[in-house]
Amino acid sequence: MNRQEILAQIKNNPEISVLIVGAGINGIGTFRDLGLNGVDVLLIDRGDFCSGASAASSHMAHGGIRYLENGEFRLVREAVRERNRMIQNAPHIVSPLPTTIPIFKYFSGMLNAPLKFLGWLDKPSERGSIIIKLGLIMYDAYTGKNRTVPRHTVLSRGSSLSKWKQLNPEIVNTATYYDGLISDPERLALEIVLDAESETPNARALNYVSMVNGEKNTVILRDELTDETFEVHPKLVINAAGPWIDFTNHNFGLSTRYVGGTKGSHLVVDNPELRAAIGGNEFFFENKDGRIVLIFPLFDRVLIGTSDIKIENPDEARCTEEEVDYFIEMISRVFPSIKLTREQIVFRFTGVRPLANSGSGKTTGQYSRDHHIEVLSGDWTNLSFPVYSLVGGKWTSFRAFSEQVTDKVLAFLGKSRQKYTTDLPIGGGRGYPRSEEDRKKHLESLAAWTGLDQTVLRPLFERYGTRAEAIANFIKRGTDEALKSLPGYTRREIQFLVQYEKVRHLDDIVLRRTMLAMLGKLTKESIFELADILGESLGWDGVQRTAEAERTLRLLDDRHGVGF
Numbered sequence: 000m001n002r003q004e005i006l007a008q009i010k011n012n013p014e015i016s017v018l019i020v021g022a023g024i025n026g027i028g029t030f031r032d033l034g035l036n037g038v039d040v041l042l043i044d045r046g047d048f049c050s051g052a053s054a055a056s057s058h059m060a061h062g063g064i065r066y067l068e069n070g071e072f073r074l075v076r077e078a079v080r081e082r083n084r085m086i087q088n089a090p091h092i093v094s095p096l097p098t099t100i101p102i103f104k105y106f107s108g109m110l111n112a113p114l115k116f117l118g119w120l121d122k123p124s125e126r127g128s129i130i131i132k133l134g135l136i137m138y139d140a141y142t143g144k145n146r147t148v149p150r151h152t153v154l155s156r157g158s159s160l161s162k163w164k165q166l167n168p169e170i171v172n173t174a175t176y177y178d179g180l181i182s183d184p185e186r187l188a189l190e191i192v193l194d195a196e197s198e199t200p201n202a203r204a205l206n207y208v209s210m211v212n213g214e215k216n217t218v219i220l221r222d223e224l225t226d227e228t229f230e231v232h233p234k235l236v237i238n239a240a241g242p243w244i245d246f247t248n249h250n251f252g253l254s255t256r257y258v259g260g261t262k263g264s265h266l267v268v269d270n271p272e273l274r275a276a277i278g279g280n281e282f283f284f285e286n287k288d289g290r291i292v293l294i295f296p297l298f299d300r301v302l303i304g305t306s307d308i309k310i311e312n313p314d315e316a317r318c319t320e321e322e323v324d325y326f327i328e329m330i331s332r333v334f335p336s337i338k339l340t341r342e343q344i345v346f347r348f349t350g351v352r353p354l355a356n357s358g359s360g361k362t363t364g365q366y367s368r369d370h371h372i373e374v375l376s377g378d379w380t381n382l383s384f385p386v387y388s389l390v391g392g393k394w395t396s397f398r399a400f401s402e403q404v405t406d407k408v409l410a411f412l413g414k415s416r417q418k419y420t421t422d423l424p425i426g427g428g429r430g431y432p433r434s435e436e437d438r439k440k441h442l443e444s445l446a447a448w449t450g451l452d453q454t455v456l457r458p459l460f461e462r463y464g465t466r467a468e469a470i471a472n473f474i475k476r477g478t479d480e481a482l483k484s485l486p487g488y489t490r491r492e493i494q495f496l497v498q499y500e501k502v503r504h505l506d507d508i509v510l511r512r513t514m515l516a517m518l519g520k521l522t523k524e525s526i527f528e529l530a531d532i533l534g535e536s537l538g539w540d541g542v543q544r545t546a547e548a549e550r551t552l553r554l555l556d557d558r559h560g561v562g563f
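This is the structure in structure tokens:
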């Protein structure tokens with residue numbers, strides 16, 4: 000169903016079993032799991048899908064090796080297992096990533112690490128070769144028999160400098176282990192939404208719909224595109240608003256302090272020398288102040304992050320100039336001969352981790368990344384339905400958290416689980432050819448079936464996996480041409496995204512349906528060309544198209560430091 004059909008259906012019958020407020024990855028994962036198990040569920044977000052905290056990830060599917068030092072063994076075990084499942088279920092977006100730790104000392108941290116584990120120390124300490132080696136042995140053990148990624152290796156100083164020519168010669172070792180690269184997290188989240196809706200009529204998702212308030216058995220919603228309000232009557236509400244959880248509970252008349260989030264900022268830079276220096280490896284290391292930071296390969300760009308700063312209001316989160324200075328300076332820690340300048344920054348982004356508000360962590364790095372459900376119910380709430388608040392969590396563990404939430408909801412509704420998402424492929428990962436030879440055959444077959452040249456099909460396959468077939472079939476049904484300002488894309492491809500992927504604003508396309516903004520591929524000309532294509536599909540007149548282009552230009556400048 001399209002947006003108008005969903006809205007008409009809800010207004011005609013406002014009775015629903017579950018309302019999910021917040022379409023970040025936790026809300027989206029729960030939406031899919033509930034829908035698959037026969038629950039009629041409505042997912043809403045005041046913005047676009049995966050446009051809040053979940054849009055500010057470090058693009059890593061990781062087990063969290065540093066959580067071992069905090070004693071969070073269950074969390075690491077779960078995250079490593081879920082990392083492996085993401086690589087299996089979404090191979091078009093998630094792939095094994097060699098992660099290298101440059102090590103500057105042999106014995107450092109041998110006393111500090113156990114003291115931190117016991118909670119007796121909060122001062123950052125540099126970890127030496129021995130401590131890192133022990134941690135990696137334990138980390139590898141969590142992967143178990145089903146080895147989706149290789150075991151870690153340790154290289155000597157000489158071998159490390161031979162492999163990475165511009166690496167800091169002050170190192171004593173490097174250690175390389177494997178985690179996962181999520182090349183396009185926002186697309187992964189969107190494809191989960193689309194999968195859920197296509198597989199069950201019980202699951203309906205609306206972006207740009209906000210929750211106004213709730214009382215007794217009624218929740219008032221507002222269509223942010225038309226300003227029209229309407230109501231639903233849920234049996235249960237899931238508050239998946241991430242760092243906005245307490246704000247959302249306040250709209251229900253509930254006073255909570257569940258979340259004590261920290262801000263994480265990143266830069267994306269166009270520095271060919273740095274990109275060549277890291278090759279296909281992420282560099283994950285401890286900066287001089289003890290903060291764990293990363294240098295990450297993202298297509299032909301380099302992603303640099305991340306900060307960990309306490310923040311009260313997530314709407315105020317921006318990547319500050321002080322953070323930019325920090326990121327530029329930290330490059331010299333690992334690659335002292337490479338100079339990074341502000342002019343090479345093509346994109347910056349920041350988000351707030353929805354961590355539990357706890358006084359147990361003495362530093363932000365020690366705040367738990369674990370997840371749990373807070374339940375609000377009873378007469379004192381003035382609500383006839385319970386509210387489940389999803390606190391904490393991380394991108395890698397979304398499926399496991401969603402399963403936990405779904406089991407609790409099913410028990411409340413008196414239903415039994417019918418399906419599991421454990422081995423369920425996601426979007427373009429369904430039927431994905433695993434070997435290079437199989438991918439070649441897949442493209443040849445697709446070319447024969449659609450009549451499109453492989454030069455057209457290959458970029459589609461690289462962007463969308465096996466979902467490229469649906470896009471190719473759409474393209475061949477009309478007249479197509481390359482965009483003047485973005486020759487790697489065509490008009491019909493963009494039209495497909497608009498018509499079939501719930502696009503309502505121009506920034507949905509440039510920030511979340513594609514990587515155009517993040518990779519610094521946009522120009523002012525391309526913004527207006529895309530606005531015209533969206534306008535044709537969505538019925539915008541000339542004034543609306545100009546307004547939408549200007550709105551996107553302001554957003555890119557304010558939120559992401561992108562100016563033209």
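Heads up: the sequence shown at position 241 corresponds to 240 in numbering that gives the first Met the number 0, and the numbers run straight through without jumps. Built from N, CA and C at the ideal position, the CB exists for glycine as well. Predicted model only: the values in this text are computed from it and were never measured.
(message) For the structure I just gave you, are there three or more beta carbon pairs, one from the region 471 to 488 and one from the region 195 to 203, closer than 8 Å?
(response) Touching, no.
(request) Inspect the CB distances between the region 342 to 359 and the region 262 to 274 and report whether three or more fall short of 8 Å. (result) yes
(request) Would you mind working out which of 386, 30, 538 sits nearest residue 214, comparing C-alpha positions? (result) 386
(message) Rounded to whole angstroms, what is the Cα-Cα separation between residue 114 and residue 38?
(response) The predicted position of residue 114 is uncertain, since its pLDDT is 49 and thus under 50; a value taken from the coordinates is nonetheless stated next. One C-alpha to the other measures close to 47 Å.
(request) Determine the closest residue to residue 157 out of 151, 165, 96, with distance taken between C-alpha atoms. (result) With distances taken between Cα atoms, residue 157 lies closest to 165.
(message) Bridge partners for residue 570 per DSSP, in chain order?
(response) The structure shown does not extend to residue 570, since the chain is modelled only from 0 through 563, so no value can be given for it.
(request) Note down the Cα distance separating residue 301 from residue 368, rounded to an integer number of angstroms. (result) 25 Å
(request) Report yes or no: do the region 318 to 334 and the region 535 to 545 share at least 3 C-beta pairs separated by less than 8 Å? (result) no
(request) Pull up the distance between the alpha-carbon of residue 307 and that of residue 8, whole angstroms please. (result) 43 Å
(message) If I measure Cβ to Cβ from residue 535 and keep anything under 8 Å in the same chain, skipping five residues before and after, which residues do I get?
(response) Sequence-distant Cβ neighbours of residue 535 in its own chain, meaning closer than 8 Å and more than five residues away, are 494.
(request) State the CB to CB distance for the pair residue 280 and residue 424, rounded to an integer number of angstroms; the pair is presumed to be in contact (CB under 8 Å). (result) About 28 Å; that fails the 8 Å criterion.
(request) For the beta strand (DSSP E) holding residue 88, just list the boundary residues, first then last. (result) Careful: residue 88 lies outside any beta strand (DSSP E), inside the alpha helix (DSSP H) at 72 to 88.
(request) Grab me the residues of residue 155's own chain with a C-beta within less than 8 Å of its C-beta, minus the 5 sequence neighbours each way, in chain order. (result) 172
(request) Report yes if the C-beta of residue 296 is less than 8 Å from at least one heavy atom of the ligand NAD; otherwise report no. (result) As presented, the structure is devoid of all ligands, the ligand NAD included, so that no description of it is given.
(message) Assuming the contact rule is C-beta atoms closer than 8 Å, residue 177 and residue 64 should be a hit. Round their C-beta distance to whole Å, please.
(response) Wrong, their Cβ atoms sit about 11 Å apart, outside the cutoff.
(request) Report the rounded CA-to-CA distance for residue 572 versus residue 337, giving the unit in angstroms. (result) What is shown of the chain runs 0 to 563, which leaves residue 572 out entirely.
(request) Assign residue 555 to buried or exposed, taking buried as 16 or more other Cβ atoms, counted over all protein chains shown, within 10 Å of its Cβ. (result) buried
(message) Please state whether the Cβ-Cβ distance between residue 376 and residue 184 is less than 9 Å.
(response) No, Cβ-Cβ distance for residue 376 and residue 184 is not below 9 Å.
(request) For residue 99, I'd like the list of residues in its chain whose CB is within less than 6 Å of its CB, leaving aside the five on either flank, ordered along the chain. (result) 173, 175, 280, 282
(message) For residue 230, report the span of its alpha helix (DSSP H) as first-last.
(response) Per DSSP, residue 230 belongs to no alpha helix (DSSP H); it is in the beta strand (DSSP E), 228 to 238.
(message) Taking the beta strand (DSSP E) that residue 213 belongs to, which residues open and close that run?
(response) 208 to 214
(message) Given a cut-off of 9 Å on the beta-carbon distance, is the pair residue 496 and residue 522 in contact?
(response) no
(request) In the DSSP assignment, find the beta strand (DSSP E) that holds residue 180 and state where it starts and stops. (result) 172 to 181
(request) May I ask you to list the residues that DSSP assigns as paired with residue 292? (result) 284
(request) Report buried or exposed for residue 520, applying the criterion of at least 16 other Cβ atoms within 10 angstroms of its Cβ. (result) Counting Cβ neighbours within 10 Å, residue 520 comes out buried, since at least 16 surround it.
(message) For a quick check, are the C-beta atoms of residue 351 and residue 263 less than 9 Å apart?
(response) yes
(message) Any contact between the region 395 to 408 and the region 70 to 90? By contact I mean 3 or more CB pairs, one from each, below 8 Å.
(response) The region 395 to 408 is in contact with the region 70 to 90.
(request) Please confirm whether residue 528 and residue 459 have their CB atoms less than 9 Å apart. (result) no
(request) Between the Cα of residue 274 and those of 256, 297, 104, spot the shortest distance and give me the residue it belongs to. (result) The candidate whose alpha carbon is nearest that of residue 274 is 297.
(message) Taking the alpha carbon of residue 571 as the reference point, which residue from 475, 504, 501, 503 has its own alpha carbon closest?
(response) This structure leaves residue 571 out entirely; the chain is present only between 0 and 563.
(request) Use the C-beta contact count for residue 421: other C-beta atoms within 10 angstroms, 16 or more gives buried, fewer gives exposed. (result) exposed
(message) Considering only their Cβ atoms, is the gap separating residue 310 from residue 209 smaller than 9 Å?
(response) no
(request) Mind checking who residue 251 pairs with in its DSSP beta bridge? (result) According to DSSP, residue 251 bridges with nothing at all.
(request) Could you please give the first and the last residue of the uninterrupted beta strand (DSSP E) stretch that includes residue 202? (result) 202 to 205
(message) Starting from residue 389, trace the alpha helix (DSSP H) in both directions and tell me its first and last residue.
(response) Careful: residue 389 lies outside any alpha helix (DSSP H), inside the beta strand (DSSP E) at 386 to 391.
(message) Between residue 466 and chain D, is any beta-carbon pair separated by less than 9 Å?
(response) Any reference to chain D falls outside this structure, which holds one protein chain only.
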